[in-house]
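Student:
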Amino acid sequence: MFSYGKPVQFFGLSLLMLLAGCSKQHAKPLVRNTYSEKRDGIELCVKRLSGAESHKQFGRNLVNLGYQPIKITILNDSTDQLLIRASAIDLQLMPAQQVCKETQRSVLALLAGPAYLSVFFAWPVLVPIIGIGAWLSARNHFVKTKIGEKFFGEDKVVELLPYERLSRYMFVPTGTPIKHVNLYLFKRQEKVYVPFTVTLP
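Next comes the structure, spelled out in structure tokens:
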């Protein structure tokens, strides 16, 4: 009489090996260029964004425009409120107004020439030029809004409640050598500063 035991066992073993291989292929990769330090129930994570990552986040490659975005994420798993001051970070932070101004594209400079020529030689071309101008203006507004919403610099102070998470972006000149990010967080109840030092490659 034919026995199904061994074929079934072989099939089951093969299926398990296949699933194990798939799970390794689809495992979530580690976040690159992210470094952290944890103490007193508080964790500080620092990430240096690439040009492509800055374009995805802000709608423009800020690295090529002279501004290196640095993302800081603070996880407060303590029972104390935290105060985060930009002045407590030992980096040469760029002012928000400067970053917003110098990352905008001049719509007039880009379209003035084509618009002038279209009036005299091919006025129907003026219609798409107007559309492109409107798109560029909207894009400039998007970039400015994104930078303003997530910017952390100058004299800004942010309060972080217990068990909350905060993510902000700082900007330094592209090419600035950064080996360490030193940050002091103030615990309101204990009235003490908690120092953090995150080492970057």
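Numbering (the working numbering), first residue to last: 1 to 201. The C-beta atom is built at its ideal place from N, Cα and C for all residues, glycine as well.
1. Quick check on this structure: which residue in Ser78, Ser50, Gln97 and Ile178 has the alpha carbon closest to the alpha carbon of Leu185?
2. What separation, rounded to the nearest whole angstrom, lies between the Cα atoms of Lys47 and Asn61?
3. Report the option in Ile70, Val143, Lys191 and Glu190 whose CA atom is closest to the CA atom of Asn182.
4. In the DSSP assignment, find the alpha helix (DSSP H) that holds Gln98 and state where it starts and stops.
5. Could you pull out every residue in the same chain whose Cβ sits closer than 7 Å to the Cβ of Lys150, ignoring the five residues on either side in sequence?
6. Counting contacts by CB-CB distance shorter than 7 Å, is Pro173 in contact with chain B?
7. Measuring only from the beta carbon, is Gln98 closer than 6 Å to any heavy atom that is part of the ligand MN?
8. Thr103 and Val143: beta carbons closer than 7 Å?
Tutor: In short, the structure shows the following:
1. Measuring from the Cα of Leu185, the nearest candidate turns out to be Ser78.
2. Lys47 and Asn61: Cα-Cα distance of roughly 16 Å.
3. Ranking the options by Cα distance to Asn182, first place goes to Ile70.
4. First-last of the alpha helix (DSSP H) with Gln98: Ala96 to Glu102.
5. Counting only residues of its own chain and dropping the five nearest sequence neighbours on each side, Lys150 has a CB closer than 7 Å to the CB of Arg168 and Tyr169.
6. The displayed structure is made up of one protein chain only, and chain B is not part of it.
7. As presented, the structure is devoid of all ligands, the ligand MN included, so that no description of it is given.
8. Yes. Within cutoff.
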